[in-house]
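Chains as they are written, first to last, in this note's numbering: chain A, 1 to 638; chain B, 1001 to 1361.
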């Protein structure tokens, strides 16, 4: 080959390659763009997810546009812009503003909540504050607290709402007055148990106590410098800025869908005249119907919902909802990552070692138990048997610490009806009847189930739905209907206790039962610590005497001072008849003589049970045990 | 055409006309007026009888009867918001307690403002002549010591769930007073339960405390949700003795021992003695009903709820129950009647009933 030919070949080859590249570039755009509109508070986690997504899809360029949630929706519905993913801080905006022209499904995937952020070293009483005393600490003289401007930042109006909810939750009607009303120009009025707060343009904060900034992030630096003790912030902001924070109770922190009704008791009218209602901060995401790249949008949402996405949200202080909850015409691709919402509004409160509030969906997605069961009414009529599906009561009880022989289970319905089950009943100890003859017949294993389905359909309200306690097994047998509690909304694990009474005799006679005595202790209880450092708790003797010394049993004047001054004796009698007497002048309004029903927070041990007379004004020999009766003995008139 | 065919066709046509016209001229089930009766379970048998006879007299009326515990009967109207035309309960005091002050939603009217006392009952000890232990030996003076014997089983309905059940406990406590045997209640009741059913005694008042959970400690006691569920056990010999209402025992053909009037809750005469005993439940089963019951004569009450959909027919039914038909039915089924029946509010009852009842003294 001639050198010229060689050169020519090289040139031609080079031209072909370059031309090819140019043609490629001209024909195929370099990267596909994925548009994401999202709430400002999602910026940090979404930035991370963007990077991961682009790593997985090198040909895709994710373009995020953070903005207020309402504005993000309007960009699509009003302005005519297009996005492949829309994520908002209030999921209800999607059905309310977009259904069904611009979207017909959404997924609730993460939540946020309000916390009280502070600095461990610099904030006053930082070593003392916790989720039960916070509202008293920030009320203290010299303590400052802050929130963002409610007229400009949703975090700000949520802070104001929380102080009103706290009033209801803690049953302390001064919280809002002390924190907000006394220190700002904000006002409140109440109507039918709904609270209307108004935030004027000029909030006129008393800056010695309350600091208000336009954005909640602006308060972070103040806290770090020590210029502010406490600030209401989103949990995510506190976590992302490494601030210490106090978690607030779920019922007021605006973080749980289950408490939406309670949050809704507070409404706030901003200076521009717009009204906001207390709502949970729960994030919703969807692919709008007019998305240019819907399948890519769905891919992005899958990343948000899977393990990686969840971890990102956890680290950013926006706890993921696991599994995420879908609503509407959900795409099949999301099936394994999302559970579809049933739409049934109901909550079940489980009380055991802890209290857990479950939504209907929580229960619906628990491991199901199926079986046959029917009931016999008190007049002998037989209903069923039907096929039931639900969750075993044992399974539910295990969520709050489980049940043993020393427990009973109280089941309460929406209408206030209550039934208590024994441990043995929980484990299937029931009499069963033949559904045709009505005769008692033996049975195999039975299970108590909180049912949501009867013969393959959701239980209707008429049949005791959405949740009804049923007794089922593999045989088609019938049990007594008393235990088939309809409309269940509360289940409590309780202790089985021996009942007792205290007889009080004076001008009148009262037989006080354990429950009445215990409720007395919760109002008027006093505690005495003995020399062995044991704590005895009970009711001061004079208060019990006050119930029977004259006809007046309750209130300030229940204890008759005049009679006490005239003089009588009080005889305290044990179950074996042993007794001591005390004079009225010794017991008169004396909180150091106590009839105790608790030792170190528990019922008295058998040796002292049920009651023991104790206190610092008694000799050891006067502290009699097994007390069952107290007599007020008036001296005969001469 | 064959004559046979013509005959057959005519026959078919005749039958068809007859059939369609009968459904046209006779009242069908659908066109009948329904009178809904909510009643105490212990009235089911006499009311079935009443239903038949009333429907014979009123061919256009379909009587529907639904039985529950008496408290539930009232709750079905005041809390579950069902409608009924007539309401009959085994404890007449429940009507003023649970209905007089409760307003029908959206109105200013109470669910009821009068009632009529029309029947009584009393507590007996039912048993099986052949199968119950010591059946040939038991009588009204030794019954409690027979029950105390170790091999004898005693049944009653769950006092938390059924009025006959707590009434059985009241009877036992009254028996202790009446027979002056201070361990009777302890032996029959208290020691057979864990947690215990205890009785606290003062000079003039006895309180029987019923714990939140009720479980017999021994085989001696057999508890069922309702007294009806004890009947089969008595018949099969699975149970020796059961506290039952007299009417229920008689209606089911059971042998029974009559208890003295002083303790059987059947006699107005002994009201003040019955009142010495109260039961107190440590479970508030109904949010709207208190947790204490006092020993009282068993008196059945009847009323027409203010929101009854068929008031006229309801009044007809009351006339029937309080008149000679009703009296005959109840007497033949051994439910003692109050004759004439007594109302707490003569001014408020429907006019046509005024000749059948009298006011309180």
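All C-beta atoms in this analysis are idealised placements derived from N, C-alpha and C, irrespective of residue type, glycine included.
Just so you know, these numbers come straight off a predicted model, no measurement behind them.
Secondary structure note for residue 394 of chain A: its alpha helix (DSSP H) is the uninterrupted segment 393 to 398.
A check of alpha carbon separations from residue 1234 of chain B across B:1096, B:1112 and B:1132 identifies B:1132 as the nearest. Contact annotation, residue 321 of chain A with residue 301 of chain A: C-beta distance approximately 14 Å; criterion of less than 8 Å not satisfied. For residue 1285 of chain B, at least one C-beta of chain A is nearer than 7 Å to its own C-beta. DSSP places residue 1248 of chain B in the uninterrupted alpha helix (DSSP H) bounded by 1246 to 1251.
For the pair residue 1312 of chain B and residue 381 of chain A, the Cα-to-Cα distance works out to about 29 Å. Residues of chain A with a Cβ closer than 9 Å to the Cβ of residue 1196 of chain B are, in chain order, 498 and 499.
For residue 1068 of chain B, the residues of chain A that pass the 8 Å Cβ criterion are 377, 378 and 379, in the order they occur in the chain. Put simply, the region 481 to 497 of chain A does not touch the region 556 to 565 of chain A. Fewer than three CB pairs are less than 8 Å apart. Residues of chain B whose Cβ lies closer than 9 Å to the Cβ of residue 464 of chain A do not exist, since the nearest Cβ in that chain is about 11 Å away. For the region 1160 to 1173 of chain B, the set of residues with a beta-carbon nearer than 7 Å to any beta-carbon of chain A comprises 1161 and 1162, in chain order. In the structure shown, the three-state DSSP call for residue 1114 of chain B is coil. Per DSSP, reduced to three states, the secondary structure at residue 466 of chain A is coil, with no helix or strand assignment. Within the region 1118 to 1169 of chain B, the complete alpha helix (DSSP H) runs of at least 4 residues fall at 1143 to 1148.
When CB distances to chain A are screened at a threshold of 8 Å, the residues of the region 1275 to 1306 of chain B falling below it are 1280, 1282, 1283, 1284, 1285, 1286, 1287 and 1288, in chain order. Taking C-alpha positions only, residue 635 of chain A is separated from residue 569 of chain A by approximately 8 Å. Counting only runs of 4+ residues, the alpha helix (DSSP H) found wholly inside the region 487 to 557 of chain A occupies 514 to 524 and 541 to 546, in chain order. DSSP places residue 1288 of chain B outside any alpha helix (DSSP H), giving it a letter other than H or E. Residue environment: residue 523 of chain A is assigned as exposed (fewer than 16 neighbouring CB atoms within 10 Å of its CB, all protein chains considered).
Using a CB distance cut-off of 7 Å, residue 416 of chain A counts as an interface residue toward chain B. The DSSP-derived three-state label of residue 1218 of chain B is coil. Residues of chain B with a Cβ closer than 7 Å to the Cβ of residue 408 of chain A are, in chain order, 1212 and 1213. Assignment of residue 134 of chain A by DSSP, reduced to helix, strand and coil, places it in the helix class.
The count of Cβ pairs closer than 8 Å, one atom from the region 375 to 390 of chain A and one from the region 399 to 410 of chain A, stays below three, leaving the stretches out of contact. In the three-state reduction of the DSSP assignment, residue 1044 of chain B falls in the helix class, which pools H, G and I. Taking 9 Å as the Cβ-Cβ cut-off, the region 172 to 185 of chain A has no residue approaching chain B. Taking 8 Å as the Cβ-Cβ cut-off, the region 1137 to 1153 of chain B has no residue approaching chain A.
Secondary structure of residue 1343 of chain B (DSSP, three-state): strand. The criterion of a C-beta distance shorter than 7 Å is satisfied by residue 1217 of chain B and residue 1193 of chain B. Among the CB atoms of chain A, none fall inside 7 Å of the CB of residue 1313 of chain B.
Out of A:364, A:298 and A:539, the CA that lies nearest to the CA of residue 36 of chain A is found in A:298. Boundaries of the alpha helix (DSSP H) around residue 1098 of chain B: 1094 to 1099.
Chain B places no beta carbon closer than 7 Å to that of residue 443 of chain A, leaving this residue out of the contacts.
Residue-level contact by beta carbon holds for residue 1225 of chain B and chain A, with a gap shorter than 7 Å. Interface annotation, residue 439 of chain A: in contact with chain B, CB-CB separation under 7 Å. Counting C-beta pairs with one atom in each stretch, the region 1246 to 1260 of chain B and the region 1183 to 1202 of chain B have fewer than three that are closer than 8 Å, which means they do not touch.
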